[in-house]
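Q:
2 protein chains.
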Amino acid sequence: MKADTLRGHLDALLLAVLDGRKLHGYAIIEALSLRSDGALDLPTGTVYPALRRLERAGYLASEWDVVSGRKRRTYRLTRSGQQALAAERAEWQEFTTVIGGVLRAEA
Amino acid sequence: MKADTLRGHLDALLLAVLDGRKLHGYAIIEALSLRSDGALDLPTGTVYPALRRLERAGYLASEWDVVSGRKRRTYRLTRSGQQALAAERAEWQEFTTVIGGVLRAEA
DNA sequence: GTGTATAGGTAGCTCGGCTACATGTAGCAG
DNA sequence: CTGCTACATGTAGCCGAGCTACCTATACAC
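Chains as they are written, first to last, in numbering that gives the first Met the number 0: chain A, 0 to 106; chain B, 0 to 106.
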């Protein structure tokens, strides 16, 4: 997949993967790769800043867990994040309808 | 629709709207707006440079028409552009499958 | 003659995701 | 006990596609 087609949809992916469960950054990257059959392999330099941005925006909350001596910052959706996710899903729906409609249209 | 969700899909739109017909830049913008029920209203500063880029890439060919005193640069798909369009459509398919799959997935 | 729609074009900015780097732990092979 | 790999988090700075804000020019209505 071309690199920057992701532009503008990253937040939706991160919120969606945290829907209903807590994960730390590294696990988020793995979960996205798993769910997309390896199509998504986001670099840490993409994911970590995005997570912090979403936390600052109030969509995520984080806490430090220490599991077997390893520090992990686990993230979970806030209520506001749930709403944002719903909005992102709606926007995705609209986006695919619009672009898909143009791409499929006959001359 | 958020501004930069378009990122990476503009070429596909332009190629698709020229599939099977010749249009000039201004008409392309109108055609896209029409096909998307007004959701797409691309500024000329987006479309014109993109058209020239696609022409340099060999996907489009252009010629000057003079209609009722007006100069119009009309574009049409080249054979190479046809192939590019097919590729873009396939990529769009993959893209929506991947992202859509993640967004719809249950925890 | 003034305003509006049509028509094409460019310089420069913006900002999101990527590249490349820095840091550190756990566990295994040898 | 050394080296290597996987795990885990993070930042500085680049890059480029699309956008903003302009400029130019013609046809036509009023």
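Just so it is clear, CB atoms sit at the ideal spot from N, CA and C, and this is done for glycine as well.
Computed from a predicted model, the values in this text were never measured in an experiment.
Of the residues A:Leu5, A:Met0 and A:Leu13, which one's Cα is nearest the Cα of leucine 84 of chain A?
A: As a first step, residue 84 of chain A is located in the first sequence; it is residue number 85 there, counting from the start. Ranking the options by Cα distance to leucine 84 of chain A, first place goes to A:Leu13.
Q: Sort out for me which residues DSSP pairs alanine 60 of chain A with in a bridge.
A: For the purposes of this step, residue 60 of chain A is identified with residue 61 of the first sequence, where counting begins at 1. Beta-bridge pairing links alanine 60 of chain A to A:Arg75.
Q: Using a beta-carbon distance below 9 angstroms, is arginine 88 of chain B in contact with chain A?
A: On the second sequence, position 89 is the one that residue 88 of chain B refers to. A Cβ of chain A is located within less than 9 angstroms of the beta carbon of arginine 88 of chain B.
Q: Alpha carbon to alpha carbon, what distance is there between arginine 75 of chain B and glycine 100 of chain B?
A: Here residue 100 of chain B refers to the residue found at position 101 of the second sequence. Here residue 75 of chain B refers to the residue found at position 76 of the second sequence. The alpha-carbon atoms of glycine 100 of chain B and arginine 75 of chain B are separated by roughly 35 angstroms.
Q: Bridge partners for leucine 22 of chain A per DSSP, in chain order?
A: Working through the first sequence from its first residue, we reach residue 22 of chain A at position 23. Answer by DSSP bridge pairing, in chain order: A:Tyr74.
Q: Looking only at C-alpha atoms, which of A:Ser32, A:Thr4, A:Gln92 and A:Gly24 sits nearest to leucine 53 of chain A?
A: Position 54 of the first sequence, counted from the start, is the residue given in the question as residue 53 of chain A. The residue with the shortest Cα to Cα distance from leucine 53 of chain A is A:Gly24.
Q: How close, in whole Å, do the beta carbons of leucine 17 of chain A and leucine 31 of chain A come, if the pair is a contact with beta carbons under 8 angstroms?
A: Along the first sequence, one-based indexing puts residue 17 of chain A at 18. Along the first sequence, one-based indexing puts residue 31 of chain A at 32. The Cβ separation is near 11 angstroms, so there is no contact.
Q: Going by C-alpha distance, which of A:Gln82, A:Ala104, A:Arg72 and A:Gln92 is nearest lysine 21 of chain A?
A: Numbered from its first residue, the first sequence carries residue 21 of chain A at position 22. It is A:Arg72 whose Cα lies nearest to the Cα of lysine 21 of chain A.
Q: What is the DSSP secondary structure of arginine 69 of chain B, counted as helix, strand or coil?
A: Working through the second sequence from its first residue, we reach residue 69 of chain B at position 70. Reduced to three states, the DSSP call for arginine 69 of chain B is strand.
Q: Chain A partners of glutamate 93 of chain B, CB-CB under 9 angstroms?
A: Here residue 93 of chain B refers to the residue found at position 94 when the second sequence is read from its first residue. Per Cβ cutoff of 9 angstroms: Met0 and Ala38.
Q: What three-state label does DSSP hand alanine 89 of chain B in the structure shown?
A: Start at 1 with the first residue of the second sequence, and residue 89 of chain B comes out as number 90. Alanine 89 of chain B: helix per DSSP, three-state reduction.
Q: Counting only beta-carbon atoms, is histidine 8 of chain B nearer than 9 angstroms to chain A?
A: On the second sequence, position 9 is the one that residue 8 of chain B refers to. Histidine 8 of chain B counts as touching chain A.
Q: Could you tell me the distance, in whole angstroms, from the CA atom of glutamine 81 of chain A to the CA atom of tyrosine 58 of chain A?
A: In the first sequence, counting from the first residue as 1, residue 81 of chain A sits at position 82. In the first sequence, counting from the first residue as 1, residue 58 of chain A sits at position 59. Note on geometry: alpha-carbon atoms of glutamine 81 of chain A and tyrosine 58 of chain A lie some 7 angstroms from one another.
Q: List, in chain order, every chain B residue whose beta-carbon is nearer than 9 angstroms to that of leucine 12 of chain A.
A: Here residue 12 of chain A refers to the residue found at position 13 of the first sequence. Simply Ile98, Val101 and Leu102.
Q: Chain B partners of aspartate 64 of chain A, CB-CB under 8 angstroms?
A: Indexing the first sequence from 1 puts residue 64 of chain A at position 65. Listed by position along chain B, the residues whose Cβ is nearer than 8 angstroms to that of aspartate 64 of chain A form an empty set, because the closest Cβ is around 18 angstroms away.
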